[in-house]
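Protein chains in written order, with the numbering used here: chain A, 10 to 210; chain S, 10 to 210.
Virtual Cβ for every residue (Gly too), placed ideally from N, Cα, C.
Just so you know, these numbers come straight off a predicted model, no measurement behind them.
Reading through the structure tokens given below for one structure.
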DNA sequence: GTCTATAGGTGGATAGAC
DNA sequence: GTCTATCCACCTATAGAC
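Take a look at the structure:
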């Protein structure tokens, strides 16, 4: 959790690897890249993560943990389903601001080439997103704040698919604005305004 | 164009490379993979495509040509904007049926790592999609068949982003049905029913 | 146009000293 | 925990015979 702590090498390795996967893909970086960024040799990396597959597995696990914590934080902060969805989109936008792709979106592209444990991790991430979104959507529908005809699960999947795709394409144009435009359209279709959070004052 | 023609080696190479990129990514295959599939040596590949970057460039160019031809075929067959959009979705679904990702969607994930000419080609592909969709959407709106509040360009971008993302995620689940569910939801939001084509007679 | 042979580099991974 | 040294498989690319 502490990027600046020089003692915590494993976390520094994960930080570097995470950035590299999100930027270049799992097949687009090497141990040499991480070694240079962290400032140790390739050989030393194997002490912390015996194989690249094991490093990849750890990477997804940490990403999922952090993501789920962020979702819990949203639930703690917002009572409103519409506010929650807006903050959910902000979570994606924050990743894109560093010109990164969602870790699991990137891995989804390379899915076929991944070792089995990583494949399972990627699906688990999407499943967790779907679960949280479904609940949030259902909550909003019951409160007559969100409006949609399909099942909450189907809409949740559409949101995941579309937001991941919006990140994917936005990176080719180097345009976070393009991502936000698509995100706004999607939320608008559900009845969520794009302006600042609804305040009850 | 003729997969079975044994004389047309360049096309066979492109066919193999296209499949490999769509399945594994540009950084996820090698000349050895193509050589095996086509049945010639690695060295012979360089006679047809001097470098991997040049092969990638040719790949995108052919893909774009075929795609634009498919769009022209849709325009020739359908008068109706709703029918055109349904056929557009079918174009994507057809790619996914072979468990492939859209070539340029895959390359968008690896965008940062691509040689410059390939980057330009990927953008051109998305731009062509946007142009065709914008026109089709505008046509449908004028005919009061499609309904949307945003600009045709913004909706076109949302459709591209969302369909690419739906392909991306669907591949992790090995589920074409998931792609189709998202595609149907998107079209439904524009007022396009998911049932068979509208027939006038 | 396709081959053999090979160059020159980089991939992940290991052994063993410190 | 980190290092040096090294292995071997694989990468893209080239030279030159056929």
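Span separating the alpha-carbon of residue i from that of residue j
i: residue 47/S; j: residue 115/S; result: 22 Å
i: residue 158/S; j: residue 41/S; result: 51 Å
i: residue 191/S; j: residue 163/A; result: 7 Å
i: residue 184/S; j: residue 193/A; result: 27 Å
i: residue 11/A; j: residue 71/A; result: Annotation note: pLDDT 41 at residue 11/A (below 50); position unreliable, coordinate value reported separately. Going by the C-alpha atoms only, they are around 14 Å apart.
i: residue 95/S; j: residue 28/A; result: 38 Å
i: residue 52/A; j: residue 111/S; result: 38 Å
i: residue 17/S; j: residue 108/A; result: 41 Å
i: residue 106/S; j: residue 127/S; result: 25 Å
i: residue 129/S; j: residue 123/A; result: 28 Å
i: residue 56/A; j: residue 57/S; result: 44 Å
i: residue 154/A; j: residue 200/S; result: 22 Å
i: residue 208/S; j: residue 196/S; result: Unreliable positioning characterises residue 208/S in this predicted model, as indicated by a pLDDT of 46, which lies under 50. The coordinate reading is nonetheless provided below. One C-alpha to the other measures close to 18 Å.
i: residue 171/S; j: residue 178/S; result: 10 Å
i: residue 113/S; j: residue 77/S; result: 14 Å
i: residue 202/S; j: residue 203/A; result: 27 Å
i: residue 82/S; j: residue 75/S; result: 10 Å
i: residue 87/S; j: residue 176/S; result: 24 Å
i: residue 67/S; j: residue 73/A; result: 38 Å
i: residue 84/S; j: residue 93/S; result: 7 Å
i: residue 23/S; j: residue 64/S; result: 8 Å
i: residue 80/A; j: residue 198/A; result: 22 Å
i: residue 156/S; j: residue 168/S; result: 14 Å
i: residue 186/S; j: residue 26/A; result: 33 Å
i: residue 15/A; j: residue 30/A; result: In this prediction, residue 15/A scores a pLDDT of 49, lower than 50, which makes its location untrustworthy; the coordinate-derived value is nonetheless stated afterwards. Whole-angstrom Cα-Cα distance: 22 Å.
i: residue 125/A; j: residue 131/A; result: 10 Å
i: residue 120/S; j: residue 37/A; result: 11 Å
Within chain S, the residues that residue i reaches when beta carbons sit closer than 8 Å
i: residue 1/A; result: Because chain A in this structure spans residues 10 to 210, residue 1/A falls outside the shown range and cannot be described.
i: residue 99/A; result: Neighbours of residue 99/A on chain S: none; closest Cβ ~17 Å, over 8 Å.
i: residue 110/A; result: 118
Proximal chain A residues relative to residue i, where beta-carbon distance stays under 7 Å
i: residue 117/S; result: 177, 178, 180 and 181
i: residue 103/S; result: Near residue 103/S there are no residues of chain A at all, since even the closest Cβ is about 18 Å away, more than 7 Å.
i: residue 169/S; result: 178
i: residue 163/S; result: 190 and 194
i: residue 135/S; result: 178 and 181
Nearest to residue i (by Cα), restricted to the options the options
i: residue 134/A; options: 94/S, 92/S, 155/S and 181/S; result: 181/S
i: residue 35/A; options: 93/A, 146/A and 118/A; result: 118/A
i: residue 54/S; options: 32/S, 19/S and 38/S; result: 19/S
i: residue 102/A; options: 63/A, 174/A, 22/A and 131/A; result: 174/A
i: residue 143/A; options: 160/A, 132/A and 152/A; result: 160/A
i: residue 89/A; options: 137/A, 33/A, 60/A and 146/A; result: 146/A
i: residue 188/S; options: 31/S, 104/S, 141/S and 44/S; result: 104/S
i: residue 97/A; options: 50/A, 141/A, 136/A and 121/A; result: 141/A
i: residue 6/S; options: 31/S, 39/S and 49/S; result: Past the boundaries of the shown model lies residue 6/S; chain S is included only from 10 to 210, so the question cannot be answered.
Partner residues on chain A for residue i, Cβ-Cβ distance less than 8 Å
i: residue 132/S; result: 181 and 182
i: residue 172/S; result: 174
i: residue 122/S; result: 33, 34 and 37
i: residue 76/S; result: In chain order: nothing, as chain A lies at least about 15 Å away.
Assumed close pair residue i, residue j - CB separation to whole angstroms, cut-off 8 Å
i: residue 166/A; j: residue 139/A; result: 6 Å
i: residue 62/S; j: residue 149/S; result: 40 Å between Cβ atoms; not a contact.
Listed by chain order, chain A residues near residue i by CB distance under 9 Å
i: residue 166/S; result: 175, 178, 187, 190, 191 and 194
i: residue 114/S; result: 118, 174, 177 and 178
Residues that residue i contacts on chain S, provided the C-beta gap is smaller than 9 Å
i: residue 107/A; result: None at all; the shortest Cβ gap to chain S is about 12 Å.
Practice problem: Please list the segments of the alpha helix (DSSP H) lying wholly inside the region 63-118 of chain S, counting only runs of 4 or more residues, in order along the chain. | Solution: 90-106 and 112-118
Quiz item: Quick one: complete beta strand (DSSP E) runs, 3+ long, within the region 15-55 of chain S?
Solution: Runs found: none.
Quiz item: Unbroken alpha helix (DSSP H) runs of length 4 or more, entirely within the region 120-180 of chain A: which are they?
Solution: 125-151
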